[in-house]
Amino acid sequence: MRKKIMVVDDDPIIRKYLMNVFNDNGYEACGAASGPEASEILEREMPDLITLDLEMPDEWGPRFYRRMTKNPAFANIPVIVISGMQSRHLSINKAIAYLDKPFDPEKLIGIIKNTIG
C-alpha cells in the first residue's frame, strides 16, 4: 500500500504541483486549501505525513497543527512546513523540516523518504 501525504496550502498551483510530485514519486496525495478543510480530510484520509503552509485564510497552519495534535489519533503524524514566511522555524516546534518557498522538490522527496519510506 502506498504511503499517503496530505498537502495543506491555500495556493491551488502549489497544492496541485506538490500532489503531482508526490504521485510521481510513488506516494498517494490528497490536498486541502485551509485548516478547516484539512481537518475534515485528515479524519477521512488518515495521511502518513502532512506538508503545511503557515499563512492561509480562515485558519493559519500553526492553529490547525495545534488542533490536530490534541487528537491522539493524529498527534504523531510528521509535518513538513513549506512557507515563504520569515521565522517559519519558530512556528511549529515539532515539524520534521522547514522549507522555503520556492523549494527544491528533490530535497523534499529526500526528507519524505527518510521519514516515511
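If you're matching positions, the sequence shown starts at 1 in full-length UniProt numbering and goes up one per residue.
Built from N, CA and C at the ideal position, the CB exists for glycine as well.
{"query": "Which residues DSSP lists as bridging residue 29, in chain order", "result": "5"}
{"query": "Endpoints, the beta strand (DSSP E) within which residue 50 is located", "result": "49 to 52"}
{"query": "Rounded separation between residue 1 and residue 117 - CA only", "result": "12 Å"}
{"query": "Bridge partner(s) assigned by DSSP for residue 153", "result": "Because the chain is modelled from 1 through 117, residue 153 falls outside the range shown and cannot be assessed."}
{"query": "Where residue 104 sits in the DSSP three-state scheme", "result": "coil"}
{"query": "For residue 35, the nearest candidate out of 26, 52, 47 and 25 (CA to CA)", "result": "52"}
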